[in-house]
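Visitor:
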Amino acid sequence: SQTIHQWPATLVQPVGSPLSLECTVEGTSNPNLYWYRQAAGRGLQLLFYSVGIGQISSEVPQNLSASRPQDRQFILSSKKLLLSDSGFYLCAWTPARGEQFFGPGTRLTVL
Amino acid sequence: RKEVEQDPGPFNVPEGATVAFNCTYSNSASQSFFWYRQDCRKEPKLLMSVYSSGNEDGRFTAQLNRASQYISLLIRDSKLSDSATYLCVVNRGPGGTSYGKLTFGQGTILTVHP
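Each protein sequence line maps, in turn, to chains A and B. The opening residue of the first sequence carries number 698 in my numbering; numbering runs sequentially from there. The opening residue of the second sequence carries number 94 in my numbering; numbering runs sequentially from there.
Okay, structure coming up:
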């Protein structure tokens, strides 16, 4: 069966520090991968999606970037965090054009 | 108009009650529809897909009205464990840059009390 992992689970970082969040998927190949952010009390906002290695599309202009160095690895990064980057970051995968399955998420607090 | 709109609630119901959630979507090209459930501080989890003919999974019934661009979720015999936020989710349509992308509603909060 397929599983999706994210780490770290929680992170507290100062403003201006770098960020690297990792997501890996097991038990499948060539999945579509997605990064979402959920701010406190808000809905899910799609940040990036990837249909293959090295292929990244950005949904909204922002302080973040994404990379997909391997088929089942998706990384979310920032060079300098802003206060507004705080939130719950979720990685998701889909085998096709249907439902998406989420990882456990990373809760980021920028101070 | 938001792409996916839900009544945010909260809905507070006693155990055993029947509760219905409604959702409307604006993109007539959408082809796939889902209900997710999200517990506090957890990731969303797929509750059920929604099919044109309507579908049922135990105490949960989902309906889709394409003409009205309306989706519903009915929960019968509510349990305490049903307390969560319910997210209405719609795909953005076939092909092109919309491929595989989902739009999430803001969610409806349900609290089931003893």
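Idealized CB from N, CA, C, for every residue including glycine.
Spell out whether any CB of chain A is found under 8 Å from the CB atom of B:Q156.
Guide: Judged by the 8 Å Cβ criterion, B:Q156 is not in contact with chain A.
Visitor: Please list, in chain order, the chain B residues whose beta carbon lies closer than 7 Å to that of A:E796.
Guide: F127, L139, S142
Visitor: Whose Cβ in chain B lies nearer than 7 Å to the Cβ of A:N729?
Guide: G193
Visitor: Identify whether A:L761 lies in helix, strand or coil by the three-state DSSP scheme.
Guide: coil
Visitor: Drop a sphere of 10 angstroms on the beta-carbon of B:L140, count the other beta-carbons inside from all chains shown, and report buried for 16 or more, exposed for fewer.
Guide: B:L140 comes out buried.
Visitor: For A:P802, return the contacting residues in chain B, with the cut-off set at a CB-CB distance below 9 Å.
Guide: It should be pointed out that residue 802 of chain A corresponds to Gly in this sequence rather than to Pro. Residues of chain B passing the Cβ test: R134, K135, E136.
Visitor: What does B:D150 pair with, by DSSP beta-bridge criteria?
Guide: B:F153
Visitor: Measure the beta-carbon distance from A:S755 to A:G724 and round it to whole angstroms, keeping in mind my assumption that it falls under 8 Å.
Guide: Contact flag wrong, Cβ pair sits at about 27 Å.
Visitor: If distances are taken between C-alpha atoms only, which option among A:V757, A:W790, A:I750, A:F785 comes closest to A:L718?
Guide: A:F785
Visitor: Please classify B:Y163: is it buried, with 16 or more other beta-carbons within 10 angstroms of its beta-carbon, or exposed?
Guide: exposed
Visitor: Any idea what DSSP makes of A:S714, helix, strand or coil?
Guide: DSSP places A:S714 in coil when its eight states are reduced to three.
Visitor: Do the region 698-717 of chain A and the region 774-791 of chain A touch if we need at least three Cβ pairs shorter than 8 Å?
Guide: yes
Visitor: What is the C-beta distance between B:S171 and B:V97, in whole angstroms, given that I count them as a contact (C-beta under 8 Å)?
Guide: The beta-carbon separation of B:S171 and B:V97, rounded to 24 Å, does not stay under the 8 Å limit for a contact.
Visitor: What does B:G200 reach in chain A if we use C-beta pairs closer than 8 Å?
Guide: G740
Visitor: Check whether the region 173-185 of chain B touches the region 725-733 of chain A, taking contact to mean three or more Cβ pairs, one atom from each stretch, closer than 8 Å.
Guide: no
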